[in-house]
Every structure is written in C-alpha cells, then in structure tokens.
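Everything below concerns the one structure shown next.
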Amino acid sequence: MTELHHQTLAELAAGLRARRFSSVELARHFLARIERSNPELNALVTVTADQALAAAARADERIASGSAGPLTGLPIVHKDIFCTDGVLTTCGSRMLSNFVAPYDATVVERLSQAGVITLGKANMDEFAMGSSNETSWYGPVKNPWDLKKVPGGSSGGSAAAVAARIAPAATGTDTGGSIRQPAALTSLTGIKPTYGRVSRYGMIAFASSLDQAGTLTLTAEDSAMLLGAMAGFDPRDSTSVDAPVPDYVATLDQPLAGLRIGLLKEFFEKGLDEANGKLVRDALKVFEAMGAKLVEVSLPNLPLSVPTYYVVAPAECSSNLSRFDGVRFGYRCENPVNLIDLYKRSRGEGFGAEVKRRIMTGTYVLSAGYYDAYYLQAQKIRRLIADDFEAAFKEVDVLMGPTSPTTAFDIGAKVDDPITMYLNDIYTIGANLAGLPAMSIPCGFLGGLPVGLQVIGPHFAEGKLLNVAHRYQQETQWHKEIPANYK
C-alpha cells in the first residue's frame, strides 16, 4: 500500500470507504509525522492530538454505520487565524498568545460537520501581515524544500505542513496573495475563492474588504472537495454572498478545448525572474496542446495594485486591530498606572514590528488631513483595477501568469527591507482588490525550488479554475513531487 502521507485527500477518502485503514490509524500516522518533523519546520503552533483522536473515533463510527460523507475521517490543519472552540487561537501574535477561542469559525464549523479531523493550528505571519512567515511571534516557518528558505506567507505554516506531508491539507487565508504565494513557493495547489464565497465569521480580521479563506492542498481535486464544504452563505457574515454552491468535483474533468486564456502582459515585464517566466510559458504550452487558445491581455492599471493595496489594507488593519487593547482579551501589560498606560504598553508589547508599521501607516492615511489624498485615491484606483479585470473577462475565460516573481528566498534576506518584501505580492494583489477567485498550481522547479502558475477567473468561477488546474495536473507530474527529507 502507498504510504498514507503520499496520498491525496481523494485517495485517502477512497481508502477510508474501502476500509483499508481507519480514521484513527490515519490520524495517528500524521500525528507521528508532526511529532517527528514539526520541531525543525515550526509549521504548527498547537497540536490537538487528543481531540483529533477522539474525533477520528467518532468518524470511524459514522463510516461503520454508513452515514459518512465524502470528507468524513480526513485530517487537516487550520491556519491559526480561525477561531477554534476550546483551542488556543493566536494569529501568530504575542497579543493573542493566551487567547482560547470560545467558538468555532464558520470554516472550522462546516468542515467539522463534514467529518474533517483537526490535527492542529498552523503558524502564520502575525495577524496575516507578511509574505515570508517571518513576522510570527512563534518564529519563522521553514520551507520543506530547503530549510534555509522561507515558505511564503502569511499562510506559511499551512503550506509547510502540507508540503512536508505532516498533514494532507490545510486551510489558509488570502488578503493579498497569502495562500497563492506560499503555494507557489512550496509546490502546492492553493485557491483563494471569490470575496464573499466563504464566510469570514470567526476568521480574525486583518483587512475586511480583502480577506478571504481558502485551502492549500496537493491537488485541485482535493481543493474542490474542501471548498464545496466550506463555501456558501452565512448570515453571521455581512459580506457573505447568498449564491448557490456548485458541485466543484463534478466539473473537474470538463475538456479545455476552446478555452480562451489571457496572458497578463504586465506580469511578464520587468521584475520577473527570466527562468521563472520560461517555466510559466512552458506550462501555457500544455494548455495549448489541450486545445486552449492564448490571447495577450493588458490590464493598464494593474501596476498600481501594490501602492493601492498598501494604503487600503493598512487603513482597514488600523481599524480592525483597535479592538486589541489589553482590556477584554489577549495580552495585557503588567501593573499599568492608568488606562492610557494600559493601552499604550499592552499594544506596544503585544504587537510586533510589522503590525505596528501597518497600524501606523493605516492611521496616517485615514487621518483628517490625508484621507482624500491617500485612502480615497486608493479606492478610486481599486475601482479602475476591477474595471480592467472586468473588461479582460469579456475577451477571455481565465487569466494566467506567474504567481511569484522568484522562487523562495533565504530566511532573513528581506526582513529589514519592507518595500522589497511587499513586492513579493506584486502578481497576487490585483485579484484581492477586485474580489476575484484565483489559484496557484505547481508548474516546475528552478534549482530544486518550486515555481507556481497563477490562474485568475471572473467572480464565482471557482469551478472553472479548479477544472483548468485539474486538467493540467492530469497532464503533468509537478504536483506529485515530495521534498527529499519528508518522503
């Protein structure tokens, strides 16, 4: 039998149904791998072994009684941004290092109801602010392909856990590329759904108009299985869209003949590593061989996405993070002399440097003298970027290009240069500003490090993106590669 950790979620689900192994055996297998590999990877902040084994035992009962669903008994890890009832939920920050959530986020709740087993909570950039998973209070996460490299961020712990096969899948969140960029740097399939497709209830907020939950998996088929359970209207989230959720698995095998693929001209210009760009173009040839047609598309306002994002996101972050004040929950400084001292020292000691930088930037752009000059202008440009995408999708079905300008970089290489760090998200931010679904899939290796292909679709076209990714993965083997030390 193939090693359990080599199998995809779909293969593990088939194995459980065929009784080749039990859910308890599956959970024990991955918990043992976590115990062995997590100390060097630093991918998980919390391991919920007892709860996982108890949930696995209940899953086995459901399987035995014939009442199991397609996800029953499958293990997963959750990014530590999702509130999980009775479990430490830290958001990678000292500010929440003692916070035990009193309820489940909708994503956690729906997957639990589908029978998914939670193995633990994944490390992340503090409050999801970062592109390398180096801003976490719990230390940097290491890339399984090279432990000296970053795994990407902010969902770096989720990505490292799945890439190292210490979990078969993970949830993540994507505010400006935080699922797709780590997916590209660790050779995974990462999907950010349309804004509003997955509930944000119980997902600790960074930038409310940009944040969206998604998945990091080995294959597009696995992503389709999980997304079907996670997606759908939630009255507890005012931005949740009341639209039916299609059967994403049912449409995976549709042929791609006649598919119109838009090549994003701006993505192949300055800044892209030449060898990286060649691998992306090689991937596009695979689609041409399947009958797709390539069309060059220009989004003239897209180069403005980074400065726009770094006005809008910090503005929303400064508002959202005002709730962390040392009064109601989270970190509190010792012996405050008065209320102002409590606020200042609790926030000063509880937040890390990158979070403080963004809070200060956001507060500045929202201040009376600068609101019109910065925030209002950024929102206008955001509208223009969304209009560019809308115009493009009248000509093509999906857009494609690189996910990241380079492969994974060394831990510590960019930590003192925030502007260079911010440019890592140059290809991913546009989809968030426009609220579009987007994903990254493995398309090759450079010097032993993974490269990702990004696919962007119109609103609520997750099914088409998953179909495109699945057909590509049927023709290629990149997604099957495993880091040497974790086989």
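Count along the sequence shown from 1, then add 41; that gives the number in our numbering.
C-beta: ideal position from N, C-alpha, C; glycine also.
In this structure, MET480 keeps its C-beta atom at 8 Å or more from the C-beta atom of GLY107.
With three or more CB-CB distances shorter than 8 Å, the segment 296-314 counts as touching the segment 422-437.
In this structure, ALA316 is the residue among ASP101, ALA316 and GLY198 with its C-alpha nearest to the C-alpha of LEU490.
Taking all protein chains shown into account, LEU417 has fewer than 16 neighbouring C-beta atoms within 10 Å of its C-beta and is therefore exposed.
The way I'd put it, the segment 150-164 does touch the segment 113-125; three or more beta-carbon pairs between them come closer than 8 Å. If you ignore the 5 residues before and after GLY171, its C-beta comes within less than 7 Å of the C-beta of GLY194, SER195 and GLU395, all in its own chain and listed in chain order. The secondary-structure analysis by DSSP pairs THR230 across a beta bridge with THR258. Two segments are said to touch when three or more pairs of C-beta atoms, one from each, lie closer than 8 Å; by this definition the segment 306-315 touches the segment 439-451. Cβ-Cβ distances below 7 Å link ALA201 to LEU82, ALA84, VAL182, LYS183, ASN184, PRO185, PRO192 and THR227 in the same chain, with the five nearest sequence neighbours on each side left out; the list follows chain order. Per the DSSP secondary-structure output, ALA225 pairs with nothing in a beta bridge. Boundaries of the beta strand (DSSP E) around LYS120: 116-120. In the DSSP annotation of this structure, LEU72 is not part of any beta strand (DSSP E); the continuous alpha helix (DSSP H) holding it starts and ends at 64-82.
Beta-bridge analysis with DSSP links ILE482 to LEU494.
At the C-beta level, ALA146 and GLY243 come within 8 Å of one another.
If you draw a straight line from the Cα of ARG512 to the Cα of LEU293, it is about 7 Å long.
By the criterion of at least three beta-carbon pairs nearer than 8 Å, the segment 457-474 is not in contact with the segment 378-387. Annotation for VAL336: the continuous beta strand (DSSP E) segment containing it runs 334-338.
Contact between MET331 and LEU152 is absent: CB atoms are separated by about 32 Å, not below the 8 Å threshold.
Inter-residue distance for ILE122 and ALA169 is about 8 Å (C-alpha atoms, whole angstroms).
In the DSSP assignment, ARG99 falls within the unbroken alpha helix (DSSP H) covering 90-106. Shortest Cα-Cα distance from ILE426 to any of LEU407, LEU72, LEU345 and SER363 involves LEU345.
When ALA225, GLY498, LEU474 and PRO209 are compared, the shortest CA-CA separation from TRP519 is found for ALA225. With fewer than 16 other Cβ atoms from the protein chains shown falling within 10 Å of its own Cβ, ASN139 counts as exposed. Around the CB of TYR415, 16 or more other CB atoms lie within 10 Å, so the residue is classed as buried. Bounds of the beta strand (DSSP E) holding ARG301 are 301-305. Secondary-structure assignment with DSSP links VAL439 through a beta bridge to ILE302. Rounded to whole angstroms, the separation of the alpha carbons of SER250 and GLY403 is 14 Å. Under the DSSP definition of a beta bridge, MET244 partners with PHE123. Bounds of the beta strand (DSSP E) holding THR159 are 158-163. DSSP, read as helix, strand or coil, puts ASP451 in strand. Inclusion of ALA211 and SER199 in the CB contact set at 8 Å is warranted, their separation being smaller than that value.
LYS528 sits exposed, since fewer than 16 C-beta atoms from the chains shown fall within 10 Å of its C-beta. Cα atoms of GLU44 and ALA51: separation of roughly 14 Å, rounded to the nearest angstrom.
Looking at the DSSP output, LYS505 bridges to nothing.
In this structure ASN526 is exposed. Its beta-carbon is surrounded by fewer than 16 other beta-carbon atoms within 10 angstroms.
The DSSP assignment places complete alpha helix (DSSP H) segments of no fewer than 4 residues inside the segment 388-418 at 394-407, in order along the chain.
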